[in-house]
Amino acid sequence: MKNIKLLWNRIRNLFDYIYYRSVAFYEKYESLPKISGLMVLVTLQFCTLHLIFLIIYALTDYLIIKDKIYLVLILAVMIVFQYRYYISTHRYNDFKRKWGKEPKKQRKKHGIFIIVSFILVILLNVAISFIKHNILGQ
1 MKNIKLLWNR IRNLFDYIYY RSVAFYEKYE SLPKISGLMV LVTLQFCTLH LIFLIIYALT
61 DYLIIKDKIY LVLILAVMIV FQYRYYISTH RYNDFKRKWG KEPKKQRKKH GIFIIVSFIL
121 VILLNVAISF IKHNILGQ
């Protein structure tokens, strides 16, 4: 149980950092950077969840979500929960205090990790979906 809690805390910390960095990036370009940062985070979370569903389906032939409307509902629920967690509670200021003085070298390394993770998750989603629909004909 202790390991699960530790894993959950690390995952939550990763999501917090991705939200913080996304908002910090969009502060330069958007009028609503917190919403834009939230959408980046939710997109990454949703694509990761969808990738897990696709991998389970590829390995077991068990389709977790049979109707696509449920994916839309899951996405809507994720947006609401993350909005309440990040924006309603004004957590960005806490994150800014926590990571605002991060060394430039470390910030760059973490930024590259976020971008590569985002691209990988989306590309894997597209690749598995393409193989599933066009090559396997499912």
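The opening residue of the sequence shown carries number 1 in the working numbering; numbering runs sequentially from there. Even for Gly, the Cβ is constructed at its ideal location relative to N, Cα and C.
Given that a residue counts as buried once 16 or more other Cβ atoms are within 10 Å of its Cβ, and exposed if not, what is Gly100?
exposed
Is Tyr29 helix, strand or coil by DSSP?
coil
Whole angstroms is fine: what's the gap from Arg10's alpha carbon to Thr48's?
16 Å
Segment contact, 8 Å Cβ cut-off, at least three pairs: the stretch 103–111 with the stretch 33–40
no
Can you grab the Cα-Cα spacing for the pair Leu124 / Leu14, in whole Å?
20 Å
I'd like to know whether the C-beta atoms of Tyr70 and Leu63 end up nearer to each other than 8 Å.
no
Can you give the Cα-Cα distance for Ile52 and Ser117, rounded to whole angstroms?
14 Å
Which word fits Asp16, buried or exposed, when buried means at least 16 other C-beta atoms lie within 10 angstroms of its C-beta?
buried
What distance in whole Å lies between the Cβ atoms of Ile18 and Ile114, which are believed to be in contact at a cut-off of 8 Å?
6 Å
Relative to the C-alpha of Ile131, which candidate in Ile79, Leu54, Val80 has its C-alpha closest?
Leu54
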